[in-house]
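Colleague: Sharing a structure, written as structure tokens. Questions coming.
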Amino acid sequence: MREMNVGIIGYQFMGKAHSNGWIKAPLFFDLNIKPKLKVACGRNKAAVTSFAEKWGWEKIETNWKKVVEDPDIDIIDISLPQHLHYEVAMAAAKNGKHIFCEKPLAHTRTQAEEMLKAVEENGVTHYLNHNYRRTPAVKLAKQMIDNGEIGRVFHWRGAYQQDWIVDPDFPLTWQLKKETAHAGPHWDLNSHSVDLAHYLVGDMKTVSCLTTNFITERPLPTQGETAFSSGAPNTEMGKVTVEDAALMMVEFENGAVGSFEATRFATGKKNANTFEIYGSKGSLSFNQERMNELQFFSNSDPENEQGFRTIIATEGSHPYMNNWWPPGHIIGYEHGFVHAVADFMDALDKNVSIEPNFRDGVKILKVLEAGLESAKSGKKVSIL
Ligand code: SOE
């Protein structure tokens, strides 16, 4: 079997999720090209060495420039926080590497546009990892909408709710500072919801948005502290420079209207990436916390039997499912990353593009940036 060498840059939460994808995809999917876990890169030598040993990366590197310039590497996996995507992606594209990039695409829309130009000019395959598109229930929703099963879409209602910073003692990690995160849940979470809305409903033309902060100062992080692991308490405080919650309303080009809510203050909601889509013939509703299920209401059901029904999206005929287990043997969060790798390798094999990609990433950041502009001005903003 043909192989392509992968160099991964970043080794934390997404580094693990992506590594699992590179490992599992050729085991569960019939791929013509197999990804080879060649080099893992990170600044902390001890940490990246232990990551590479655990996940089976052949060697390590502490300087990302050496990885993107290495003629032996075919694919660069950018598993870094988004403020670091630009430099790596630009260099990878110039060196002719295919790119598998974590979301959101970039820190700013301008960077994203330059990144798109670079990958197109260099003719490399580019993928942006909005992983939820490849949840079987979401893919099924897409098929049902395309088949006209809910008719003309009137409403999109998206809410992405988490609660990991409700505690005022939660430290000021990189996600809470403008210089590293650009914005708060509006960038981190609304980027996913806007991607799903683009995928399922269509492009948007205007946006109105408000953002707010509940906690404006937090303890500075201590050594080794990250968003997902706590360290020793710190009494030194720093300013939160991104929003804590963002609420957005949009008009779609096809006449539908939509709302988005992104927050890290929805106490009790851990990773509730939800949407509801209401159409002329029926409706669909999804909650990532119950990701194997899709709720479907159909006007075509006999009137006295109508109601939302739960489709367990695990039948072999549901997208991706025939590669996994018998019906009812549900799958999880990590499977979306495996599906993404399988589709990415397939796109490389067939020399076709894959979605979402950097073009979609630019489109998403246009919406989000218009949202921030609207939140600042208090006015409705056109997406240009
Ligand atoms: C943290 O908010 C986070 O890990 C996001 O960055 C991911 O994109 C999302 O899928 C889960 O939550």
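In the working numbering, the protein residues as written are 16 to 399.
The beta-carbon is built from N, C-alpha and C at its ideal position, and this holds for glycine as well.
Computed from a predicted model, the values in this text were never measured in an experiment.
Distance check for L204 and Q177, CA to CA, integer angstroms please.
Modeller: 9 Å
Colleague: Where in the segment 90-115 do unbroken runs of the beta strand (DSSP E), each at least 3 residues long, occur, reported from the N-terminal end onward?
Modeller: 90-93
Colleague: Could you tell me the alpha carbon to alpha carbon distance between A40 and P342, rounded to whole angstroms?
Modeller: 20 Å
Colleague: Tell me which same chain residues have a C-beta within less than 6 Å of the C-beta of F312, skipping the five on either side of it?
Modeller: G297, S298, F323
Colleague: Find the nearest neighbour of N146 within the set S94, C56, R167, judged by alpha-carbon distance.
Modeller: S94
Colleague: Measuring only from the beta carbon, is K118 closer than 7 Å to any heavy atom that is part of ligand 1?
Modeller: yes
Colleague: For the structure I just gave you, are there three or more beta carbon pairs, one from the segment 113-120 and one from the segment 180-194, closer than 8 Å?
Modeller: no
Colleague: Between F280 and F290, which are expected to be in contact by the criterion C-beta below 8 Å, what is the C-beta distance as a whole number of angstroms?
Modeller: Rounded to whole angstroms, the Cβ separation of F280 and F290 is 20 Å, and the two are not in contact under 8 Å.
Colleague: Taking its Cβ as the centre, do 16 or more other Cβ atoms sit within 10 Å of V367, making it buried, or is it exposed?
Modeller: exposed
Colleague: What do you get for S236, buried or exposed, if any count of 16 or more other CB atoms within 10 angstroms of its CB means buried?
Modeller: Sequence inspection shows Pro at residue 236; the Ser mentioned does not correspond to that position. P236 is buried by the Cβ-count criterion.
Colleague: Apart from the five residues just before and just after V18, which ones in its own chain have a Cβ nearer than 6 Å to its Cβ?
Modeller: Note that residue 18 is Glu in the sequence shown here, rather than Val. Contacts found: K49, K51.
Colleague: Indicate the three-state DSSP secondary structure (helix, strand or coil) for K284 in the structure shown.
Modeller: coil
Colleague: Is I48 helix, strand or coil when you go by DSSP?
Modeller: I48 falls in the strand class under three-state DSSP.
Colleague: Answer with buried or exposed for Q97, where buried requires no fewer than 16 other C-beta atoms within 10 angstroms of its C-beta.
Modeller: Counting of Cβ neighbours within 10 angstroms places Q97 among the buried residues, the total reaching 16 or more.
Colleague: Kindly confirm or deny that the segment 167-181 and the segment 133-147 touch, where touching means at least three C-beta pairs closer than 8 Å.
Modeller: no
Colleague: Do three or more CB pairs link the segment 150-157 to the segment 26-42 at distances below 8 Å?
Modeller: no
Colleague: Please indicate yes or no: does the CB of N205 lie closer than 7 Å to some heavy atom of ligand 1?
Modeller: no
Colleague: Which residue or residues does DSSP assign as beta-bridge partners of P119?
Modeller: P119 pairs with nothing; no bridge assigned.
Colleague: Can you tell me which of I24, H33, I88 puts its alpha carbon nearest to the alpha carbon of R58?
Modeller: I24
Colleague: For the beta strand (DSSP E) that S250 lies in, which residues bound it at each end?
Modeller: Looking at the sequence shown, residue 250 is not Ser but Thr. Run containing T250: none; DSSP gives neither H nor E here.
Colleague: Is it right to say H201 is buried, meaning 16 or more other beta carbons lie within 10 angstroms of its own, or is it exposed?
Modeller: buried
Colleague: Alpha carbon to alpha carbon, how far is V21 from T123?
Modeller: 26 Å
Colleague: Decide if the segment 26-33 is in contact with the segment 55-70; the criterion is three or more beta carbon pairs, one per stretch, under 8 Å apart.
Modeller: yes
Colleague: Let's see if you can read the secondary structure: which residues bound the alpha helix (DSSP H) around S9?
Modeller: Since the displayed the chain opens at 16 and closes at 399, residue 9 lies outside it and no answer follows.
Colleague: Roughly how far, in whole angstroms, is the beta-carbon of K81 from the beta-carbon of P334, given that I think they are within contact range, below 8 Å?
Modeller: Incorrect: roughly 38 Å between the Cβ atoms, too far for contact.
Colleague: Using 8 Å as the Cβ pair cut-off and three pairs as the minimum, do the segment 263-283 and the segment 126-134 touch?
Modeller: At 8 Å Cβ cutoff, the stretches do not touch.
Colleague: Taking the beta strand (DSSP E) that E266 falls in, what are its first and last residues?
Modeller: 260-267
Colleague: Rounded to the nearest angstrom, what separates G347 and E330 at their Cα positions?
Modeller: 15 Å
Colleague: What are the partner residues of G273, as DSSP defines its beta bridges?
Modeller: W171, V265
Colleague: Return the chain-ordered ranges of every alpha helix (DSSP H) run that is complete within the segment 178-221 and spans a minimum of 4 residues.
Modeller: Within the segment 178-221, the complete alpha helix (DSSP H) runs of at least 4 residues are 193-196, 200-203, 205-215.
Colleague: Taking K109 as the reference, give the member of L99, I91, T125 with the closest Cα.
Modeller: I91
Colleague: Give me, in chain order, the residues of the same chain whose beta-carbon lies closer than 8 Å to that of A156; leave out the 5 immediate sequence neighbours on both sides.
Modeller: L215, I292, L299, F301, L309
Colleague: Do the segment 69-79 and the segment 388-397 make contact, defined as three or more Cβ pairs closer than 8 Å?
Modeller: no
Colleague: Give the DSSP-derived three-state secondary structure of T125 in the structure shown.
Modeller: DSSP, read as helix, strand or coil, puts T125 in helix.
Colleague: According to DSSP, is L155 part of a helix, a strand, or is it coil?
Modeller: helix
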